[in-house]
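*Asks:* There's a structure below that I have some questions on.
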Amino acid sequence: MRKFEIVKNLVTREREGVEERLYYRFRGDRWYGGIATGDVIGCILSCVFCWSWRFRDNPRLGAFYSPQQAFEKIYEILRRKGFDKVRLSGGEPTISKRHLIDLIKLFDEKNITFILETNGILIGYDESFARELAKYNNLIVRISFKGVSEEEFERLTGAERKFFNYQFKALENLMKSGMTPGRDFYVAAMIGFSRDEDIKIFLKKLNNLDPRLTDVDWEYVFLYPHVEYRLKSLGLKPLRAVKPYEVPREMI
Ligand code: SF4
């Protein structure tokens, strides 16, 4: 977890008892039927398919926002566009735990759905994280697995394979904290490079935890030009990929 400390120190700071996070933009987006989004900087993984890699690792491109300031930016977009959901994207939101929880709380007070998109590793690592999340009724946690096996995870993220299992641990911690699978949290998985037989084993593992977790949101590689460039430079060719503007309706 040394990388976590390094990245956290780069993208998080404390000002007068408030945890601020680096953001690089705020925007409306088409996913979930329309969602107001804050894009944060910083992640503990380095996924080869990550669409935000140019910003994700570059603290010089962003500015620090307190939870209240980020709330105001995101809320204004939600109001202007007539959306009813919000999220953080671009990097990994859980790195700045206090900031994230304070932001979720602000939207909860307004009765607005917050979708927490996360790789889940820090929720798997820290059981108390799940207990804190479970306090909010308007929160939906989307645990996005990076590949479907330890070996694939290591190859795709550059992180040690043991961290793959922290993603399963995150599911267990959320269940232990009283959150309901399929309602309060669900599984997504990047299968752009996965073999069919590994997907079957992955589904079996989810089924053993709770059959409601097998309703997986499957993710394909989005072939933005900068993602294609990166994959090409690494000599990688995805098995499942879509062009960003040819995404099938059911995936949006
Ligand atoms: S976990 Fe998400 S934000 Fe982090 S590198 Fe992977 S795809 Fe990008």
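One point on numbering: in the working numbering, the residue at position 33 of the sequence shown is 164, and numbering is uninterrupted.
Virtual Cβ for every residue (Gly too), placed ideally from N, Cα, C.
No experiment lies behind these values; they were computed from the predicted model shown.
Secondary structure at W182, three-state DSSP: helix, strand or coil?
*Replies:* For this step, residue 182 is matched to residue 51 along the sequence shown. Coil.
*Asks:* According to DSSP, which residues form a beta bridge with Y317?
*Replies:* Reading the sequence shown from its first residue, position 186 is the one you call residue 317. DSSP lists R273 as partners of Y317.
*Asks:* For I288, collect the residues of the same chain with a Cβ closer than 7 Å to its Cβ; drop the 5 residues on either side in sequence, then sort them by chain order.
*Replies:* Translated into positions along the sequence shown, residue 288 becomes position 157. It should be pointed out that residue 288 corresponds to Thr in this sequence rather than to Ile. The answer, listed in chain order, is L176, S177, C178 and K277.
*Asks:* Any chance the CB of G169 is under 6 Å from a heavy atom of the ligand SF4?
*Replies:* The count along the sequence shown starts at 1 and reaches residue 169 at position 38. Answer for G169: no, Cβ out of range of the ligand SF4.
*Asks:* Are any of the Cβ atoms in chain C nearer than 7 Å to that of F135?
*Replies:* Reference to chain C is not applicable here, since this structure consists of a single protein chain.
*Asks:* For the ligand SF4, is there a heavy atom less than 6 Å away from the beta-carbon of G222?
*Replies:* As a first step, residue 222 is located in the sequence shown; it is residue number 91 there, counting from the start. Yes, since a heavy atom of the ligand SF4 falls inside the 6 Å radius drawn around the Cβ of G222.
*Asks:* Would you say the beta carbon of L176 comes nearer than 6 Å to a heavy atom of the ligand SF4?
*Replies:* As a working mapping, residue 176 is identified with position 45 in the sequence shown. For the ligand SF4, at least one heavy atom lies less than 6 Å from the Cβ of L176.
*Asks:* Expressed to the nearest angstrom, what Euclidean distance is found between the alpha-carbon atoms of P375 and K331?
*Replies:* Translated into the one-based positions of the sequence shown, residue 375 becomes position 244. Translated into the one-based positions of the sequence shown, residue 331 becomes position 200. Each residue's alpha carbon lies about 27 Å from the other.
*Asks:* Determine, using beta carbons only, whether P312 and R343 come nearer to each other than 7 Å.
*Replies:* On the sequence shown, position 181 is the one that residue 312 refers to. On the sequence shown, position 212 is the one that residue 343 refers to. Their beta carbons are under 7 Å apart, which means P312 touches R343 by this criterion.
*Asks:* Bridge partners of E258, per DSSP?
*Replies:* Along the sequence shown, one-based indexing puts residue 258 at 127. Looking at the DSSP assignment, E258 forms no beta bridge with any residue, so it has no partner.
*Asks:* Note down, in chain order, each residue of its chain lying with its Cβ closer than 7 Å to the Cβ of C181, except the 5 sequence neighbours on either side.
*Replies:* In the sequence shown, the residue the question calls residue 181 occupies position 50. Answer for C181: R187, listed in chain order.
*Asks:* So which of R146, N140, I208 and E147 has the shortest CA-CA distance to R156?
*Replies:* Start at 1 with the first residue of the sequence shown, and residue 156 comes out as number 25. When each option's Cα is compared against that of R156, the closest is I208.
*Asks:* Taking the Cβ atom as the reference point for each residue, do L231 and A201 lie within a distance shorter than 7 Å?
*Replies:* On the sequence shown, residue 231 is found 100 positions in, with the first residue counted as 1. On the sequence shown, residue 201 is found 70 positions in, with the first residue counted as 1. Cβ atoms of L231 and A201: not closer than 7 Å.
*Asks:* Just mark I137 as buried or exposed, buried being the case when its beta carbon has 16 or more other beta carbons within 10 Å.
*Replies:* Residue mapping note: residue 137 aligns to position 6 of the sequence shown, counting from 1. The residue in question, I137, is exposed, as its Cβ has fewer than 16 Cβ neighbours within 10 Å.
*Asks:* How would you label N250, buried or exposed, when you count the other beta carbons within 10 angstroms and need 16 or more for buried?
*Replies:* In the sequence shown, the residue the question calls residue 250 occupies position 119. The residue is buried, with at least 16 neighbouring Cβ atoms inside 10 Å.
*Asks:* Is the beta carbon of N435 within less than 6 Å of some heavy atom of the ligand SF4?
*Replies:* The requested residue 435 does not occur in the structure, where the chain is confined to residues 132 to 383.
*Asks:* For Y360, does the count of other Cβ atoms within 10 angstroms reach 16, so buried, or fall short, so exposed?
*Replies:* Along the sequence shown, read from residue 1 onward, the residue named residue 360 stands at position 229. The residue in question, Y360, is exposed, as its Cβ has fewer than 16 Cβ neighbours within 10 Å.
*Asks:* Under 8 Å by Cβ, that's how I've got E142 and S227 pegged, so tell me the actual separation to the nearest angstrom.
*Replies:* As a first step, residue 142 is located in the sequence shown; it is residue number 11 there, counting from the start. As a first step, residue 227 is located in the sequence shown; it is residue number 96 there, counting from the start. The sequence as given places Val at residue 142; Glu does not occur at that position. Confirmed, Cβ separation roughly 7 Å.
*Asks:* Counting C-beta neighbours from all protein chains within 10 Å, is the total for D170 16 or more, i.e. buried, or is it exposed?
*Replies:* As a working note, residue 170 is residue 39 in the sequence shown. Looking at its Cβ environment, which holds 16 or more other Cβ atoms inside 10 Å, D170 is buried.
*Asks:* How many Å lie between G255 and Y163 at the Cα?
*Replies:* Counting from 1 along the sequence shown, the entry for residue 255 is found at position 124. Counting from 1 along the sequence shown, the entry for residue 163 is found at position 32. One C-alpha to the other measures close to 25 Å.
*Asks:* To the nearest angstrom, how far is the alpha carbon of V347 from that of E147?
*Replies:* Along the sequence shown, read from residue 1 onward, the residue named residue 347 stands at position 216. Along the sequence shown, read from residue 1 onward, the residue named residue 147 stands at position 16. Taking the straight line joining both Cα atoms gives about 41 Å.
*Asks:* State the DSSP-derived secondary structure class of D329, mapped to helix, strand or coil.
*Replies:* What you label residue 329 is simply residue 198 of the sequence shown in a count that begins at 1. Here D329 sits in helix by DSSP.
*Asks:* Apart from the five residues just before and just after V373, which ones in its own chain have a Cβ nearer than 6 Å to its Cβ?
*Replies:* In the sequence shown, residue 373 corresponds to position 242, counting from 1. Answer for V373: Y351, listed in chain order.
*Asks:* Determine whether the beta carbon atoms of A167 and G173 lie at a separation below 7 Å.
*Replies:* For this step, residue 167 is matched to residue 36 along the sequence shown. For this step, residue 173 is matched to residue 42 along the sequence shown. Not a contact, by the Cβ cut-off of 7 Å.
*Asks:* Is Q199 buried or exposed, if buried means 16 or more other CB atoms sit within 10 Å of its CB?
*Replies:* Along the sequence shown, read from residue 1 onward, the residue named residue 199 stands at position 68. So Q199 ends up on the exposed side.
*Asks:* According to DSSP, is R371 part of a helix, a strand, or is it coil?
*Replies:* As a working note, residue 371 is residue 240 in the sequence shown. Coil at R371, not helix or strand.
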